[in-house]
Amino acid sequence: MRLIDTAIPLLAGLSTLVEAQNVDFGKVYSVKPQLKSASNTESSTSSMKTSSVASSIVSVLSSRHAATMVSSASTASSSKKSSVTSSSKSSSATTLSTKKAASSTKQSSSSTQKTSSSAVASSSPCINKDITDTKGKVYTIKCSSDTNVGAFTNKAATKSFADCMTACDDTSGCVAFTYVGGDGGNSAGTCWLKSSAGSAVAAGTNYVAGFLKSTTSSSKTMTTSTKKSSSSSAKIGTSTKKVTSISSKASTSTSTRKTSSTKVKRATATTCSNPNTILYNYAPNPNTPTQFLVDTTLAGLAAAQWYPPAGYSTSFTTQLAGLFAPNYLGYQQLSSYDTSACAAYCNARSDCNAFNIYIQRTPTFIPDDSCPNPTAGASITCALYGNAVDASQATNIGQYRKDFMVVIQGSNGYNLNPAPASVSSFQGPTALDAVAYSSNIYLGQKYFSTYDVSQCSTFCTTYTANNKSQNAGSSTYTPCNYFNVFNLTLNGQTQLMGCYLFSTSNASTYDTYRTAQDSSGTVYNLTNSYGYALYPQDKGLTSVTWTPAPTGKNATCSALGKAGSSFVDYNGVNYTLGCGYDVQYAADIGNQTTPDFYSCFAICDSGAYPGCNGFAYLGNTCYFKNLAGTSRTPQLNNYNVDMAWMPSSYAGFNAYTVAGTVSYTTTTTVWAGPGSTTSTTINGLSGTVIVKTSGSVPAATTTTYVTVTADQGTASTIATQTITPTKGLTGTVSIIYPTPVTTCNNKGAAAGFYSNPVPGQQSVSQYPAFKPEAMKTSTPSAQATGISYIGEYYDGGYFGASVYGTFQWPSQLATLALNHVFYVFAGHGTGYYYINLPQADDIALLWVGPNALSGYTRANAQLVQTWSAPAPATIGFFLTANTYTPIRLWFANGGSAGGFQFTMTAPDGATILRTTPNSNSGVMNADVVMFPCDSTKGAKFPAFGKET
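Letter by letter, the sequence shown follows residues -20 to -1, 1 to 928 of mature numbering (1 follows the signal peptide of the UniProt record, and there is no 0).
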């Protein structure tokens, strides 16, 4: 999208448009007042006026600060009456209205003492000092500060920030807090408790940060130092009246009583040690409060944002004060003057209805006694509010933090617009930054006297119907797929509602405009802009009747089909439905809120989430996934989750046939046994090799348990029983796993014996000549059923060997090929089952899933192991508990000595199959069968010699 500075052309003058549509042009139609464009209005203040106001602000703040110093001096001299002194307004913001800019600083020398007294009376309890609370714990208090770490809980402060110290004392793990409430911490608020202290960062005057320092047995008396101050005459702005203000610098005056007994030492900024966080990198030159207020670079940032962000209206711009407004919701610091970024923070909160963005003169270090007036930088603040805001509330001109003057520049306010009505068969409204326009997709425009989007939607649908009728003899027509409504405003007042029609729904990604010019040359602002997209899009084919997308109950997964059924969305993309299923902990790439399940299809198709080929839907949110290569199968759930996936990218319920490679890490530990031993554990697709070395192991002081397992259960779930020790510290955990039904003579595996048709070619890497599919219709020389292990070994000698109970002569063993088939029952629960071929001489090939029954080839084998290649990594298959999975394993010897080994383990590490190395023997548990007794759970393998 590109923002165009020039005006979009209107087709006629506004008066002509009005006449054509019978609108009373004399009437002003106003939905939301908008600011005038910079192109047709003057700046809100001249440079002279800005300079005058800036001088007034600096003078007022200086006066208040000096009054604070007099107050502090008086308090220090009466320290016998009080052990704690207060800082007057040093941590609270100062207000200033335009009318009171000068009068607020008028004071004769005789009124100076009165001003000081007033300051003390209104002072807050916050002071940048260490404070000992009622429980003897010491907190370092930072006024107008937050911390740079998050909170782990919050509690209410009923009276002031002091309640937060008590709350932190009473909460385990609390070492710091941030109070958010009234200015200076002097009212009820919220204590945000932190488990990590972090560091202080500058914040609003209603923030107080506290850091737990230490504990002490007695209260600590605190006093503040003061500084000799006096009054001097000053002129404010362009006023010719002489006013008296208090100066922060020591001077001689007959109008103010000297307070030489309260001299204050001022530290220099060179002792600053607590840096502040400022995201925006800029400082005026010279770096003074006055220059900050009149800086044209900063003023230009705010002035450029006269146009509101999408979904908002501009309330005021370029003020020299922040807001004192109700329902304050907090703030964010920004790295640039970005109103859209600030609006995004507001949009993320359902209770936010306005925001104030401004530039603040911020200390580069946290001011304290050793760093009273550090150098300044410019920070950009985004403050959020629950109520609408206006310029009359922009009265927070700044404050002092120690001797550092905080002032505000470039303050803009924006209010959230009430969203227009939704329209049947259209998605929206979508707030736009400006008005969309491109001659390539533009269809027409109309203007209406009232802001009623139904008039524009009718215009859109009528356009489509007329165009389709006019092109009845053609194969295509031009439909209206998108319309954009907006306000046409002049001099800040709405005149008409505009309506533009477009042929594609991505109109808002084209050029956008903020002004329009009619044939008479009048320039109008385009505001309150919203887009609506037809859903689904009309493809403009006369042979197809457009129908609206399902909504409500008709847009649920169950309304579209059942689990496992195919569904083609309106973009023509084929999906498989998984109603009631989910693939947990796998391949999530993003999420988005939608009104229904059906809406997820279009978003996945759109490319908004690259790689999307499936999604899960829960609670009005689509969780998009890239399931390519995933071996996890969809699992039934009880959480109202539905899903869908593209079968072209994900195998779905057959995903267990996708092999996942296991990666390993090695750890070393000590055990009490002799020598060293090595064991392997696997979790998911991550394996751990545990090397145990002999050493001293501390004696057990708590109960330990030994796990005993048995594959003999008839129930459908895994049973666990814990037996506590009757004496000693060792107990027993008994686990009984379900096993398959074996009442149909189906125990074990089956194997067919063949002679390798391509002996002598095994020396070629990967033995490419051996293709087992060539023997699918060959009659085996022998068969074995009910075998209780899988593996073969021939040492190349002169004696034969018994393989699965069938004797083989050396000449037969030298070229022996074996075709094994069996089912594995997932009796050890849902999860990854692992297969490893540690060694093959000369080749072994594996298939898991449907191809094991029919359709297997060398090319689609999921694991190939040969003598000429290193042992392959372990592969895992994600199986669902109590299901049967077919497996086929071919082995072939190319000549002389040969053999192979085979290992299969369950998710919990239990052994299902394992070959005894260098022998024709091994182990097999009860989960291996030749076929399920219930044929609905798995078909029998085709007979050897009749495979397909």
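Positions of the beta carbon are idealized from the N, C-alpha and C atoms, including for glycine.
(request) Give the DSSP-derived three-state secondary structure of ALA324 in the structure shown. (result) helix
(request) Apply the 10 Å Cβ neighbour rule to TRP827 and answer buried if 16 or more other Cβ atoms are within range, or exposed otherwise. (result) buried
(message) Taking only three categories from DSSP, how would you classify MET202?
(response) Interpretation of MET202 is limited by its pLDDT of 36, a score under 50 that renders its predicted location unreliable; the figure taken from the coordinates is listed afterwards. It is coil, neither helix nor strand.
(message) For PHE384 and ASN353, which I take to be in contact (beta-carbon distance under 8 angstroms), what is that distance rounded to the nearest angstrom?
(response) 5 angstroms
(request) For PRO897, count neighbouring Cβ atoms within 10 angstroms of its own Cβ and tell me buried if that reaches 16, exposed if not. (result) exposed
(request) Look up ASN831 in the DSSP assignment and say whether it is helix, strand or coil. (result) helix
(request) My understanding is that ALA595 touches ASP549, with C-beta atoms under 8 angstroms, so please give their C-beta distance in whole angstroms. (result) Reading off the sequence shown, one finds Phe at residue 595, where the question assumed Ala. Actually they do not touch by this definition, with Cβ atoms about 12 angstroms apart.
(request) Just mark ASP163 as buried or exposed, buried being the case when its beta carbon has 16 or more other beta carbons within 10 Å. (result) buried
(message) For GLY874 and ASP821, I'd like the C-alpha separation in whole angstroms.
(response) 8 angstroms
(message) Could you give the first and the last residue of the continuous alpha helix (DSSP H) run that contains ALA797?
(response) Per DSSP, ALA797 belongs to no alpha helix (DSSP H); it is in the beta strand (DSSP E), 796 to 805.
(message) Please classify GLY740 as buried or exposed, where buried requires at least 16 other C-beta atoms within 10 Å of its C-beta.
(response) exposed
(message) To the nearest angstrom, how far is the alpha carbon of LEU514 from that of THR441?
(response) 9 angstroms
(request) Would you mind stating whether residue 937 and ALA608 have Cβ atoms separated by less than 7 angstroms? (result) Within the shown structure, residues of the chain are numbered from -20 to 928, placing residue 937 beyond reach of any answer.
(message) Among ILE388, ALA182, THR573, whose alpha-carbon lies nearest the alpha-carbon of LEU278?
(response) ILE388
(request) Report all residues from its chain with a CB closer than 6 angstroms to the CB of ALA794; omit the five preceding and five following residues, and keep chain order. (result) GLY875, SER876
(request) Give the DSSP-derived three-state secondary structure of GLU927 in the structure shown. (result) coil
(message) Suppose you measure from the CA of ILE268 to the CA of ASP150; what does that come to, to the nearest Å?
(response) Per the sequence shown, the amino acid found at residue 268 is Thr instead of Ile. C-alpha separation (whole angstroms): 44 angstroms.
(request) Determine the direct distance from the alpha carbon of CYS106 to that of ALA142, and round the result to whole angstroms. (result) 9 angstroms
(request) Starting from the C-beta of VAL274, find all residues in its chain whose C-beta is less than 8 angstroms away, skip the five residues before and the five after it, and write them out in chain order. (result) SER27, THR30, SER31, ALA34
(request) For THR438, count neighbouring Cβ atoms within 10 angstroms of its own Cβ and tell me buried if that reaches 16, exposed if not. (result) exposed
(request) Tell me whether PRO347 is buried or exposed, calling it buried when 16 or more other Cβ atoms sit within 10 Å of its Cβ. (result) buried
(request) Would you tell me roughly how many angstroms separate the C-alpha atoms of LEU598 and ALA301, rounded to the nearest one? (result) 45 angstroms
(request) Put ILE121 into one of helix, strand or coil per three-state DSSP. (result) strand
(message) By alpha-carbon positions, which one of ASP349, PHE921, LEU833 ends up nearest to THR120?
(response) ASP349
(message) Applying the 10 Å Cβ sphere with the 16-neighbour rule, what's the burial state of TYR619?
(response) exposed
(request) Decide if the region 778 to 794 is in contact with the region 857 to 867; the criterion is three or more beta carbon pairs, one per stretch, under 8 angstroms apart. (result) no
(message) So, for LYS448: in the same chain, excluding its five sequence neighbours on each side, which residues have a beta-carbon less than 7 angstroms away from its beta-carbon?
(response) TYR457, THR522
(request) Classify SER546 as helix, strand or coil using the three-state DSSP reduction. (result) strand
(message) Using a Cβ-Cβ cutoff of less than 7 angstroms, which residues in the same chain neighbour ALA368 once the five nearest sequence positions on both sides are dropped?
(response) ASN333, ALA334, ASN395
(message) How far does the beta strand (DSSP E) with LYS135 in it extend, from its first residue to its last?
(response) 133 to 137
(request) Might you give, ordered along the chain, the residues of its own chain that have their beta carbon closer than 8 angstroms to the beta carbon of SER546, omitting 5 neighbours on each side? (result) ASN554, TYR555, THR556, LEU557, PRO627
(message) Short of 6 angstroms in beta carbon distance, which residues of its chain neighbour ARG237, apart from the five on each side in sequence? Order them along the chain.
(response) The predicted model places ARG237 with a pLDDT of 35, which falls under 50 and marks its position as unreliable, so this point remains unresolved.
(request) Drop a sphere of 10 angstroms on the beta-carbon of GLN340, count the other beta-carbons inside from all chains shown, and report buried for 16 or more, exposed for fewer. (result) buried
(message) Quick check for students: name the residue ranges of the beta strand (DSSP E) that lie wholly in the region 578 to 602, counting only runs of 3 or more.
(response) 594 to 598
(request) Drop a sphere of 10 angstroms on the beta-carbon of GLY520, count the other beta-carbons inside from all chains shown, and report buried for 16 or more, exposed for fewer. (result) buried
(request) Give the C-beta separation of ALA358 and THR344 to the nearest angstrom, bearing in mind that I take them to be a contact with Cβ-Cβ under 8 angstroms. (result) With a Cβ gap of about 10 angstroms, ALA358 and THR344 do not count as contacting.
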